[in-house]
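All remarks here apply to the structure that follows.
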Amino acid sequence: MTSSITYTAELDMPREVVLFLAGLLRAERVRRRTRAGTRALGEFKQAVLIIRWLVDGARIARPAADNAISHATCDRYVEEGVTVLKAQAPTLQEALTAAKAAGYTHLHLDGTLIETDRCRALGPNGADLWWSGEHKQHGGNIQVLSSPGGDPLWTSEVRPGREHDLTCARLHGLLDPLAKAAEDGLITLADLGYVDAGMGFRLPYKRSRGGTLTDDQIQYNKVHGALRALAERANAQLKMRFKALRNVSKCPWKIGGIVAAALVLFHREQAHKQLSPSVNAGC
């Protein structure tokens with residue numbers, strides 16, 4: 001017979017961010033008129049549970065056991081956290097307004113695949129909607145708008161992994177707002193997956209079949225590629241910081257909300273890091 005060993009662990013997230021989420025959960029309980037003492041966990045412990053799930057990518061069974069709650073209760077607590085965090089995520093227009101206020105000259109748009117467990121769902125033509133032929137993996141397509149330096153500013157809802165980036169961008173209504181932003185001097189850099197996206201986008205030159213690129217076009221592509229590499233940094237930052245985004249075992253249609261929740265925590269943590277030096281200097 002084996003016995004488990006209890007040990008102390010540290011949550012890799014500033015306390016201020018945990019308190020922020022706890023405040024959102026408290027407000028939601030007030031809105032729902034939840035009676036005191038009817039929940040297995042208080043708001044702070046629930047916030048810790050949710051952030052731990054996002055940061056560590058732990059299966060629901062582990063935090064459920066550690067908090068002596070059922071699998072169903074733990075899953076519900078995580079869902080509640082994702083919902084209240086998602087409500088705080090910036091809209092596309094808010095992200096563009098903030099980018100202009102920050103003085104950005106350009107943005108990056110890139111699609112990333114959030115892997116998910118096998119979930120066969122056939123479309124009208126019999127193709128598996130969630131299977132990405134490019135990545136050879138089931139998953140959901142998330143569009144990520146990022147700053148020139150590669151910090152994620154906005155994330156989309158999820159689309160099935162089979163869909164191409166341009167199709168997803170159109171369905172999310174990105175093309176017109178980004179074209180308008182370009183008219184105001186804020187262009188969007190993207191890869192060849194966004195060919196025909198419109199005047200708001202700056203893409204690399206594509207070599208025609210049997211043709212060659214000019215020296216100027218080759219040089220342009222090098223500069224474009226160097227700048228565009230930072231778009232991959234935005235995707236990597238989210239997936240490296242929040243391991244739950246590496247593989248989502250929940251319903252794939254919930255992926256967009258989970259990514260949005262991670263984005264809100266990412267923004268809060270970054271804001272805390274920027275504030276911390278000045279706070280420490282005044283101590």
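Quick note: the sequence shown, position 199, residue 199 per UniProt numbering, numbers continuous.
The C-beta atom is built at its ideal place from N, Cα and C for all residues, glycine as well.
Rounded to the nearest angstrom, how far is the Cβ of residue i from that of residue j, given a contact under 8 Å?
{"i": "I258", "j": "V82", "result": "6 Å"}
{"i": "A197", "j": "L227", "result": "Between L227 and A197 the Cβ distance is about 17 Å, and since that is not below 8 Å, they are no contact."}
{"i": "N130", "j": "T116", "result": "Looking at the sequence itself, residue 130 is Trp, so the reference to Asn does not match. 7 Å between Cβ atoms; contact."}
{"i": "P152", "j": "F266", "result": "7 Å"}
{"i": "I50", "j": "M13", "result": "Not quite, the Cβ-Cβ distance comes to about 10 Å (not below 8 Å), so this is no contact."}
Need the endpoints of the alpha helix (DSSP H) that residue i sits in, please.
{"i": "V30", "result": "R15 to R32"}
{"i": "P177", "result": "L175 to E183"}
{"i": "T73", "result": "H71 to K86"}
{"i": "I187", "result": "First-last for I187: I187 to L189, but that is the beta strand (DSSP E), not the alpha helix (DSSP H)."}
{"i": "W53", "result": "E43 to D56"}
{"i": "T167", "result": "D165 to L171"}
{"i": "L153", "result": "Not the alpha helix (DSSP H): L153 falls in the beta strand (DSSP E), residues P152 to T155."}
{"i": "residue 289", "result": "The chain is shown from 1 up to 283; residue 289 falls before or after that span and cannot be answered."}
Hey, could you find the ends of the beta strand (DSSP E) residue i is sitting in?
{"i": "residue 285", "result": "What is shown of the chain runs 1 to 283, which leaves residue 285 out entirely."}
{"i": "P63", "result": "Segment A61 to D66 is the alpha helix (DSSP H) holding P63; no beta strand (DSSP E) there."}
Let me know the secondary structure DSSP gives residue i once reduced to three states.
{"i": "E115", "result": "strand"}
{"i": "T91", "result": "coil"}
{"i": "C283", "result": "Annotation note: pLDDT 41 at C283 (below 50); position unreliable, no value reported."}
{"i": "T97", "result": "helix"}
{"i": "R202", "result": "strand"}
{"i": "S208", "result": "coil"}
{"i": "W131", "result": "strand"}
{"i": "R159", "result": "strand"}
Among the residues of its own chain, which have a CB less than 8 Å from the CB of residue i, if the five just before and after it don't count?
{"i": "T105", "result": "P148, G185, L186 and I187"}
{"i": "G282", "result": "Bear in mind that a pLDDT of 46 at G282, under 50, signals an unreliable position, so the model cannot answer this."}
{"i": "R162", "result": "G123, A127, D128, L129, W130, W131, S132 and G133"}
Leaving out the 5 sequence neighbours to the left and right, which residues in its chain are closer than 7 Å to residue i when beta-carbon positions are compared?
{"i": "A89", "result": "A260, L263 and V264"}
{"i": "Q137", "result": "L113 and E115"}
{"i": "A40", "result": "I69 and T73"}
What I want to know is whether the C-beta of residue i ends up closer than 7 Å to one or more non-hydrogen atoms of the ligand MG.
{"i": "R26", "result": "Here there are no bound small molecules, and the ligand MG is not part of this structure."}
Skipping 5 residues on each side, what residues in its chain have a beta carbon closer than 6 Å to that of residue i?
{"i": "N247", "result": "E115"}
{"i": "N280", "result": "Legend: pLDDT at N280 = 48, less than 50; position of this residue unreliable, no value from coordinates given."}
{"i": "R233", "result": "G150"}
At least three beta-carbon pairs within less than 8 Å, the segment 62-78 to the segment 227-239: no
Are at least three pairs of beta-carbons, each pair with one atom in the segment 212-225 and one in the segment 240-251, less than 8 Å apart? no
Using 8 Å as the threshold, is the segment 155-167 in touch with the segment 71-82, meaning 3 or more CB pairs across them? no
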